Amino acid sequence: MDSIATKIPCPSSSCERTICSECHNHVAISDVVCPSCTAEFEPAESQQPQQEDNQNVSQNQIQECPDCGENVDDEDNVCPHCGAEFEDNDDDEEDENGEVIFEEVREEQSSRQSAPSAQQQGHLSNRGDITFGDLTRERPLTRYASAIMSGLQNLPSYSLPLQHTQSAPRPAQAQASPPQPASTGDLTTEIVAERYDRQARIAGWNQKKIEEMVLTIIGYNTFSEYLALSASALGVRKICIIATPQDLPGQQAPMLRLSNKQERRGRLEEMIKKVGNADLEYLVASMASKPEKYFLAGSDVVVDTTGRHESRALALDAGNEGKKNHTELVHFYEGGFLMLSHRDNPNPLYGKLAVQPDIINAMLAAGVALSEIAKSFVFQKCEKKETVVYELPNAKKSDEDYAPYKVLLIGAGALGNFVGQGLAALGFNLVDILDFDTIETTNLNRQLLFYESVGQQKAKVLADRCAAIRGKDARYEGINEKFGEGFGIKEYDLVIDCVDNFATRALISKKCVESKIPLVSAGTSHNSGQATVYIPGKTRCADHALGYGSQAEQEAEQQARMVREGGCLMQPNPSVIMSNQVMAAMMINMARHVFHPSRFGEPASGYMMYRADSPNRFGWVGLERCGD
461 MDSIATKIPC
471 PSSSCERTIC
481 SECHNHVAIS
491 DVVCPSCTAE
501 FEPAESQQPQ
511 QEDNQNVSQN
521 QIQECPDCGE
531 NVDDEDNVCP
541 HCGAEFEDND
551 DDEEDENGEV
561 IFEEVREEQS
571 SRQSAPSAQQ
581 QGHLSNRGDI
591 TFGDLTRERP
601 LTRYASAIMS
611 GLQNLPSYSL
621 PLQHTQSAPR
631 PAQAQASPPQ
641 PASTGDLTTE
651 IVAERYDRQA
661 RIAGWNQKKI
671 EEMVLTIIGY
681 NTFSEYLALS
691 ASALGVRKIC
701 IIATPQDLPG
711 QQAPMLRLSN
721 KQERRGRLEE
731 MIKKVGNADL
741 EYLVASMASK
751 PEKYFLAGSD
761 VVVDTTGRHE
771 SRALALDAGN
781 EGKKNHTELV
791 HFYEGGFLML
801 SHRDNPNPLY
811 GKLAVQPDII
821 NAMLAAGVAL
831 SEIAKSFVFQ
841 KCEKKETVVY
851 ELPNAKKSDE
861 DYAPYKVLLI
871 GAGALGNFVG
881 QGLAALGFNL
891 VDILDFDTIE
901 TTNLNRQLLF
911 YESVGQQKAK
921 VLADRCAAIR
931 GKDARYEGIN
941 EKFGEGFGIK
951 EYDLVIDCVD
961 NFATRALISK
971 KCVESKIPLV
981 SAGTSHNSGQ
991 ATVYIPGKTR
1001 CADHALGYGS
1011 QAEQEAEQQA
1021 RMVREGGCLM
1031 QPNPSVIMSN
1041 QVMAAMMINM
1051 ARHVFHPSRF
1061 GEPASGYMMY
1071 RADSPNRFGW
1081 VGLERCGD
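End of the sequence shown sits at 1088 in the numbering used here; the numbers just go up one at a time, nothing left out.
Spelled out as structure tokens, the structure:
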């Protein structure tokens, strides 16, 4: 057995099951081993006093301690958890949402002080886990945001009254619900580990840290949506978006078009749940004055994308004041975007007017930002010797027309998922998607469009969902077939190579050269990638640019050696969402160079690199033409 656990009574009076103290999932009263984490339970008699205590508590009214936030008996005068003394709450008032307004909050509302009291400051900045007996729960943002807003919502420094628009009102004396079994799209708790298997293979990876992270995004736009979706797929369980009145959201992330919800925020919340298991908190605040930094007090990671110095200052304060906090500032300007953390010099931000993020650059930037977060939060290492800069004009949709062009997308995996939705978002109407594989649980941590589709054909599912994203006039066809010598490509205006082996990449390059068809090709590892574009007569072919032929030979030799030595041929490589998202966006931008060189520039001969552990992150290697 992995460990010794106890069975904790479920706080819900209508629930007849207990909860495992190790994994926090429901278990049957008769179980001696947890079916989720395999922990062995202590004998039932050792848990009897705790069950009796819980029954005694449930007979009395429950309130929250204003200091530590724990559930306490209404008859108690001293908190049994933190030792704080408080007055009899029989006369406590309730706010419009049914929340108990404690005496400290009423005093603060009446005095209209410009900042929380010292007691509140200490409580908010050192927010700990909320416990019920031995049951550790996720740290909710709702209660803390509500406490701050109740005391500060009428301050003149706010340009808009603060609103908490996420959670429905709850009774003042309702007990906190325990964590429910994880549901990640079409997954159950039993196969969550399988879902994250590919990223768990990365040396030093800690999935538990990812799940415990509280991510706060300041500013609501396309980038915020991409980042929230990708973070949920990665395994983050708590995401807060603080929208500001100055936000210009721009185009919605393509995946949101797959939801039938009327409001954009509702569509985002639904899709976040489909691709992962994150809870979304949504607040509205101006983020223009010092007291508002208390919204960030419980965050582990803060990402600001507002483009405003006042908001950035609050985010930087949050990053510099906390030992474990990490802050990223993302700035979109006319020529691309740049990104820096609280460890970097903020001077590069000055002098560049903020603009709405381009839909593809937003996809790319979200992948980079999530990679920076993972390095800092999981590995405690985020060397950034230079500010991350990506140069490509942030285009308006009206500047481009892609409807007449026909594209062949080969490979419907991680790269293909992001490339497909990007093509649909830009307005490509004619796309064939080629892949012979079926969807597995291990795909879901990075292939966002495959939610609720395990066991189905990749090409068919991706084509159907990209067509739904594109909408009217879309003709996306899924072809369940392996690319080979006999597959004709002359009818296409562009081929995009998203396959995962060098032999097929070399063959695709050869066929494009023979047929004089433009090609965009790329490959990724868990923390890097490289991409190239081939234009007949103008740039070096993909085979020669990235050495596909020689790498295919090495790949074949390695497989033959493993057969001789009795090794495993199918040992999977580590893979996460970030590098695939970055490189897919880069590939779509290369396609823009092919079809609209006057807007984005002529395609250059060579290849673009992305390395998460490089000081520059991005690099370009120029090459002479190879003569095809």
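All residues carry an ideal CB built from backbone N, CA and C; glycine is no exception. Everything numeric in this text was worked out from a predicted model, so none of it was measured.
- When beta bridges are read from the DSSP output, A982 appears opposite A991.
- Distances from the CA of K835 to each of N666, L1083, N877 and M1050 were compared; the closest alpha carbon is that of N666.
- Looking at the DSSP output, M1068 shares a beta bridge with A991 and W1080.
- By the beta-carbon neighbour count (other beta carbons within 10 angstroms, threshold 16), N807 is exposed.
- For P469, DSSP records a beta bridge to T478.
- The region 903-911 makes no contact with the region 719-728; the number of CB pairs closer than 8 Å stays below 3.
- Going by C-alpha positions, R772 is about 25 Å away from S1074.
- For the pair L922 and A884, the CB atoms are not nearer than the 8 Å cut-off.
- Setting aside the 5 residues that flank it on each side, D657 is surrounded in the same chain by T902, each with a C-beta closer than 6 Å to its C-beta; the list follows chain order.
- With a cut-off of 8 Å on Cβ pairs, the region 703-712 is in contact with the region 664-682, counting three or more such pairs.
- Taking Y810 as reference, the option from L716, Y1008, S759 and F792 with the minimal CA-CA separation is F792.
- Following the DSSP letters along the chain, one finds D760 in no beta strand (DSSP E), marked with neither H nor E.
- For I1048, the enclosing alpha helix (DSSP H) begins and ends at I1037 to F1055.
- Taken in chain order, the complete beta strand (DSSP E) segments of 3 or more residues contained in the region 872-899 are 890-894.
- Shown here for I995: same chain residues with a beta carbon closer than 8 Å to its own, the five before and five after excluded, namely P978, V1054 and P1063 in chain order.
- Residue state for K812 is assigned as coil, using DSSP reduced to three classes.
- Under the three-state reduction of DSSP output, H791 falls in the strand class.
- Per DSSP, I870 is one residue of the beta strand (DSSP E) stretching across K866 to I870.
- In the DSSP assignment, M823 falls outside any beta strand (DSSP E) and within the unbroken alpha helix (DSSP H) covering I819 to F839.
- Annotated three-state conformation of C1086 is coil, per DSSP.
- Rounded to whole angstroms, K753 and D804 show a C-alpha spacing of 20 Å.
- In the three-state DSSP reduction, R717 falls in the helix class (H, G or I).
- By alpha-carbon distance to S985, the top candidate from K698, Q1018, P1034 and G948 is P1034.
- P714 sits close to I929, with the two beta carbons spaced by under 8 Å.
- Within its own chain, the residues whose Cβ lies closer than 7 Å to the Cβ of E729, once the five positions on either side in sequence are excluded, are L740, listed in chain order.
- Listed in chain order, the non-local C-beta contacts of D818 below 7 Å within the same chain comprise N854 and A855, local neighbours out to five positions each way being set aside.
- Here the alpha carbons of Y1008 and F888 stand approximately 28 Å from one another.
- Comparing alpha carbon positions, the residue from V828, M823 and V790 closest to K812 is V790.
- For the pair of segments examined, the region 758-769 was found to touch the region 670-677: the number of CB pairs separated by less than 8 Å reaches three.
- Take the alpha-carbon of A874 and the one of R906: they are about 6 Å apart.
- In this structure, L894 keeps its C-beta atom at 8 Å or more from the C-beta atom of V867.
- Annotation for T704: no alpha helix (DSSP H) segment contains it, and DSSP assigns it neither H nor E.
- Per DSSP, the beta-bridge partners of V848 are M799.
- The Cβ atoms of V973 and R965 lie no closer than 8 Å to each other.
- DSSP, read as helix, strand or coil, puts K950 in coil.
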